[in-house]
Each structure stands twice: as structure tokens, then as C-alpha cells.
Amino acid sequence: MIRLNNKHNSGMSQDPAELRFEADLSLQRLTPRLEAYWDSVQLENALRHEFQLRLDTVWAELFQLLVELYGWRYDFFYHLESILLTAAAAWAERPETLRAVDRKRINNPDWFLSQKVVGGALYVDLFSENLSKLRESIGYFQQLGLTYLHLMPLFAVRPGDSDGGYAISNYRSVDPRLGTIDDLRQLADDLREAGICLVLDFVFNHTSDDHYWAKQAQAGNREYQQFYYLFPSREIPDQYEATLREIFPTVRRGNFTWHDGMQEWVWTTFNSFQWDLNYSNPAVFRAMLEEMFFLAQTGVDILRLDAVAFIWKEMGTSCENLEGAHKLVQAYNRLAHIATPGLVFKSEAIVHPDEVVRYIGSNKCQISYNPTLMALLWESLATTETRLLRKSLSHRHQLPEHTGWVNYLRCHDDIGWTFDDADAAALGINAFDHRQFLNSFYTGQYPGSFARGVPFQEHPDTGDVRIAGTLASLAGLEQAIENNDKVAIEMAVRRMLLLQGITLAVSGIPLLYLGEEWGMLNDYDFVKDPAKAGDTRWVHRPKMQWEFLESLNEDFEEGVAPLRRRIFRSLQQLISIRKTLPALAGQDMELVEVRNDHVLCFVRENSGNRLIVVGNFSSQPQTFAGNRLRTGGLGRFFEDAITKKTHATSEDLMLAPYEIMWLCRV
Ligand code: OTU
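All letters in the sequence shown, in the order written, are residues 18 to 683 by this note's numbering.
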């Protein structure tokens, strides 16, 4: 049945019926192995049965994916068996509290689309020093209204520069400066108790150069050398290089790093100390599956698939967004569905919008960052117009069932202008020139710009650049405070709240980058730390200023305290209002045409509830005829859920500079 074959032609048939037959047969062959494993761990029958039900539903799909990825290998069935037994072990070892979560989520796969879900992201060390101190902040997260917490990578890392934790030397131990695995488990439990789910990164494109596997490779161990992409001469790297992009061109030109000890070129897409894993080797797939399950068992609810676009490589391609990458994600998803079914994947693919959506699906990544919305919100602020934003939303926002966007304004990374050139061209906008303008605007060079951004990874040849900076600094607060300009401060705060008001109301999960709630500014001191100085993204990763929180309940009216208080209170209020509005749950969202290019208007609908969002992206008041909102179906009178003011469709609707309204039927 299995024909001997080569890499380009898997041993198994592509004919669906025959493949199905092969899948059934292989499962039959593996069943005694599975039974023997269950017996060895004395797993009770009910649990075996639950696993089996899920296995039966996804096996054919999983089998096909693995055949397509690895079916050409002589040892395919050995790997298939070990992958299945890895999943079985994960289910057998799954803590009962997590199995309970699994069962709830199987019955409610849309749980993350509730309007009650609101996310936040932070660095443990910068926010609260360590994990045990972070537990003391659970009350703070609740006060703000968070129900989803993304902790930036907190695992053991190489000394010195570790790319903010993204160069992991051991996925099973926490960075000793932050705590232990037990602290992490304890935190996950406490968060769950508090109704907050835990999000951690699955950094699976690369390991640190001091990970055990990398060290073994350096010591000459052939088995582990095959975990990475190593080349003795420039010949092959040069051939790949011909079609590769450079992601961190100021770190090193090209995608390969020479290793003196091994006398080999190592594939390093990001920093030179981040070694790309070789997923064409099924041993890597299985090894990382084990690491994934280990993370899941600590109580992680959502795994952020870091740098997912890069995990599969093929000569002559960009080695980004390849079919192989999609198959790997899908195979991991199916295995998680069998063994840790409550676990949700979040895609981190900051790539062209057509490619971003391809990672999203209930059998791939259920949720995904929305880099296009993020970039276009900033674009709208710079141009004061919402044309490109609306163009993009009109045909790009709708997602498949049981999936959702993660909508954010800032994160720990840079801003890249990832809109579609054709969307821009359709509006008469030249994409190249427009990106130049946006870069000039957000680095504060463009005349009249309010922004204080910093360039990141300027490409020496193409001049291409991305933007670093905090929400507040990019929205004008830094400049305004420096100039002690009250009007400019007011405008900056309004811009921030306008953007927050949009991400809290479009369909999906809103995700704050903590610090935003206080309007924290750029921190230029990162250059003093040699491990950070070379990476300008640190400018927007400031240390939490707890004195802001202390000033929350004091009532002095001088200095910056009242301003910080206002920013915090306003955001906190928007979040709590969001949670009361069932129209903001689910996926339904439609643009409303109001014939004013400075305005964004859309309607949200969910089980009979409706809400219209209107936002003014200009520094001037804007007006449009109220009856334009009738298509939104609100009736003749409606109320702004934020200010509680009523309006009538028979009158003009007046929006103050940067004003946002959430309009509901009265
Ligand atoms: C991710 O981002 C992380 O978010 C970064 O913090 C890491 O440095 C990096 O991976 C390596 O682990 O290049 O500038 O096109 O934009 O995956 C950020 C996708 C990054 C990349 C994205 C990557």
C-alpha cells in the first residue's frame, strides 16, 4: 500500500477515498498502542471515550496533513505513532480543572466573541517585577475590566539581549528573575478564579542559540543539527537569499549567521541568536508539540503563535506564508483539539492583509491580531480621512464562523503599514508615497505632525522603515505636554479615546497594551541598557508608573495627575459600557455610508440588539444628516451610550473634534 517515494511525491495517494481508507487503516493499527498506553496510566474509561470521540472526528484531517508534510519519510509511521501518543499523554495528564474548561469551551466555541472579553498585554518585569507580585495586581486588572491577560514571554532566556524574551532557552522553565513554573501555575489558577484567561506566546519559529537542542547541535550532535537549518557554505544560503526579505536589516544583512564553532551558516530570520527550527523534520514537529502541551498544562487559555508566517521554508520562495506553514498550524490545532480542546490559537502574522486572514479558521487560529485595522486607524488619524480604512473594512473585516479579530492600537512591536496597495490605488492613493508620508508623519518630521515616533529597522537599501512609540506619544500627548499646550493636550487625549472607542466596538477582542490606560509616554532611557540599546521598540516598553494609580483617588487638580486620572477613568468607563452592550458581541458589523470622509460609521448587530458607532477623525467638528443613520435601524431617537445624550435622526448629527459616539435606541 505504501509505495517507496521521494520528497516531492508523498508515498500516499491524493485520492480522497483512498486517503480516507489509509487513515482508517492507520488508526486501526495504532489503536492497540493507544489502548496499551491508556492501560499503563490506568486512565478511566470515560476519559478514554472523550479522547476517542474527538480523535475520530479529526483523525482523517490530521492524517492527511501529516501525510502531506511528512508522508515521504521512510519512518512516517514511527512519527505518526509518536505524535498520537504525545497527544494521548497530554490528555491523560491534563489537570481536571482544565478538562472542565475544555468541556465548557467545546460547548461554547464562541466564548471569546462575548462583549465581556477585554484583553491586556504586559511584560512581567516592567509591570510588576515578578510573577508573585503580578498576582497582587489581579484586583487592578479587574478594576480596569480585563478578562484576558497576555504576558510577554517569561521563559528562561539567553543572557544579555534576548529579544524581549523571544529567544527562549527552555520552554519548561520560567526566567528565574520572574519566578518558577509553580508561580506560573499558581497565577493561572488565580486568574481563572478571577475570570481572567491567560495568554502566553508559543515561540515556535526559533529557539535561542543556547537552547539544549542548539547546544547539542554546536557540540556536533547530528540528531540536533537536523533541528535547525545549517549550511557549510554560502552556496545554498545564497540561493535562498535571492528571494528572501530581511526582517531585522539593522541587526545583520541577510537571513543567515555564520557560526564559527560549527563552521556552518545558521538560518536566523530575526536576531542572529534566534535559530529557526527546521519543521521539514518531523522530530521537530513532535518535539515542539510536547513543548506546546507543556504550556497548555500550566493553565494557558490562548497561545499566541509567534512569527507564524516564517515556519516553513522552500527554495525559490519568500519563505513566508507558505502552504507548509498553514498545514503545520492546522496540524497543531487538530492535535490541541484532541488533547487540550479548550486551548485557543492566536495568529501573529503581521503580513499582507490577504495573507493574515489565511491563518484564521476554527481548525487553524481561532483568533488573530488585526494589523491592518491597527495600521489604518493610525493612517486615518494622520490623514484625518477614513477612506482607506473604510475601503479595507468593507471587504476584509468579515471572518469565518467561530473566529475573531484581536483589535489593538499598540503592542510591544513596531507599526508597519500593512495595507493593500490595490485598496489604496482604488482610491487614487500611491501606496509607496503614502507609506513615506506616514513614516514622516509618525516620526514627527512632517510639518504639523503631532506624533513622536521613532524609526525601527530602517532598511539601508530600500529606506523602508517601521514605527516605534507608545499610543500616547504617537497620538500627540508627548509633544503637547512638552509644549505645555492645553488645547493640544485635549486633542491628544481625544485622539486616544477615539481610537480606543473604535477598537472596543468593532467586532472581535479589544486588546490594550498596558500603560495605555495612563497615557504613558515614550521612554528614551532604553539606550542606557546595552542589551536594549540596539532595538528602538524598547522606547514603547516603559516601566509601569505605579504613582499614577496612587493618584487615582486623590483629588489634587494640579500637575499631570488629573490628566492621567482622566485618561484612566475614561478608558475604564468605555470598557465597562462595552460590557453592558450585547450588540457588541458576535461578528456582525456593517459600514454605514454617511457621506463625510472624516467620519467612520458602522453598525453592530447581535440577537436583536443594535449599536451604531460614529467617530470623527478630524480636528474640526463634523456634521452629517441624522437620517443617514436610519439605515442602521435605530428609529427616530437614539442615545449615546458614552455621554447619555439623546439625538434625533431628523436633525444633523454634530461631532466635536475626534468625538466618538456609541448610539443605541432609546
Ligand atoms: C514577533 O514579531 C514578535 O512579536 C517580536 O517581538 C519578535 O522580535 C519576533 O517575532 C521574533 O520572535 O518581526 O517586528 O512579519 O513582524 O512576526 C516584529 C511578522 C516581528 C513579524 C513578526 C515579528
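The beta carbon of each residue, even a glycine, is placed where N, CA and C say it ideally should be.
key: Option in 279, 260, 283 with minimal Cα separation from residue 269   = 283
message = Just to check my reading of the structure: residue 136 and residue 115 have Cβ atoms closer than 8 Å, yes? What is that Cβ distance to the nearest angstrom?
response = In fact, because the Cβ distance is near 20 Å, the residues do not count as touching under 8 Å.
query = Within the present structure, is the beta-carbon of residue 207 separated from the nearest heavy atom of the ligand OTU by less than 7 Å?
reply = No, since every heavy atom of the ligand OTU falls outside the 7 Å radius drawn around the Cβ of residue 207.
ask   = Which value, in whole angstroms, describes the spacing of the CA atoms of residue 237 and residue 229?
value = 13 Å
message = Please tell me whether, using a cut-off of 7 Å, the distance from the CB of residue 173 to the nearest non-hydrogen atom of the ligand OTU is below it.
response = no
key: Burial state of residue 408 (16 or more Cβ within 10 Å)   = buried
ask   = Over what stretch of residues does the alpha helix (DSSP H) that includes residue 677 continue unbroken?
value = It is not in any alpha helix (DSSP H) - residue 677 instead sits in the beta strand (DSSP E) that spans 677 to 682.
Exposure label - residue 21; buried when at least 16 CB within 10 Å = At residue 21 the pLDDT is 37, less than 50, meaning the model places this residue with poor confidence and gives no usable figure here.
query = Which residues in the same chain have their Cβ closer than 6 Å to the Cβ of residue 187, if we skip the five residues on either side of it in sequence?
reply = Around residue 187: 173.
inquiry  = Please tell me whether residue 527 and residue 540 are closer than 8 Å, where the distance is taken between their beta carbons.
reply    = No Cβ-Cβ contact shorter than 8 Å links residue 527 with residue 540.
N-terminal and C-terminal residue of the alpha helix (DSSP H) that residue 221 is part of = Here residue 221 belongs to no alpha helix (DSSP H), and DSSP marks it neither H nor E.
query = By a C-beta neighbour count over all protein chains shown, 10 Å radius and 16 as the cutoff for buried, is residue 31 buried or exposed?
reply = Residue 31 comes out exposed.
task = Would you mind stating whether residue 243 and residue 288 have Cβ atoms separated by less than 8 Å?
result = no
ask   = If residue 548 sits next to residue 177, beta carbons under 8 Å apart, how far is it from one beta carbon to the other, in whole angstroms?
value = 5 Å
query = Under the criterion of a Cβ to heavy atom distance below 7 Å, does residue 377 qualify as lining the ligand OTU?
reply = no
task = Examine the ligand OTU and report whether any of its heavy atoms sits within less than 7 Å of the Cβ of residue 664.
result = no
request  = Would you list the residues sitting across from residue 385 in a DSSP beta bridge?
outcome  = 364, 422
inquiry  = Assuming the contact rule is C-beta atoms closer than 8 Å, residue 314 and residue 112 should be a hit. Round their C-beta distance to whole Å, please.
reply    = 7 Å
message = If you follow the alpha helix (DSSP H) that residue 305 is in, where does it begin and where does it stop?
response = 299 to 314
Beta-carbon separation (whole angstroms), residue 144 vs residue 561, contact threshold 8 Å = 5 Å
request  = Run the proximity test for residue 326: is its beta-carbon closer than 7 Å to any non-hydrogen atom belonging to the ligand MG?
outcome  = Looking at this structure, you won't find the ligand MG anywhere; what it does contain is the ligand OTU.
query = CA-CA distance, residue 429 and residue 603?
reply = 27 Å
inquiry  = Suppose contacts are defined by Cβ-Cβ distances below 8 Å. Is residue 225 in contact with residue 194 by that definition?
reply    = Residue 194 sits away from residue 225, with the two beta carbons spaced by 8 Å or more.
Backbone CA spacing between residue 591 and residue 423 [nearest angstrom] = If you take the alpha carbons of residue 591 and residue 423, they lie about 17 Å apart.
ask   = Is residue 376 helix, strand or coil when you go by DSSP?
value = If DSSP states are grouped into helix, strand and coil, residue 376 belongs with the helices.
query = What does DSSP give as the partner residues of residue 185 in its beta bridges?
reply = 174
ask   = Do residue 103 and residue 310 have their CB atoms nearer than 8 Å?
value = yes
request  = Give a yes or no on contact between the stretch 633 to 648 and the stretch 666 to 679, applying the rule of three or more CB pairs nearer than 8 Å.
outcome  = Judged by Cβ distances under 8 Å, the stretch 633 to 648 makes contact with the stretch 666 to 679, as three or more pairs qualify.
task = Quick one: residues in its chain with C-beta nearer than 7 Å to the C-beta of residue 683, no 5 flanking neighbours on either side, listed in chain order?
result = 654, 655, 656, 663
request  = Would you be able to state if there are at least three C-beta pairs under 8 Å between the stretch 369 to 381 and the stretch 82 to 92?
outcome  = no
query = Where does residue 449 fall in DSSP's three states?
reply = helix
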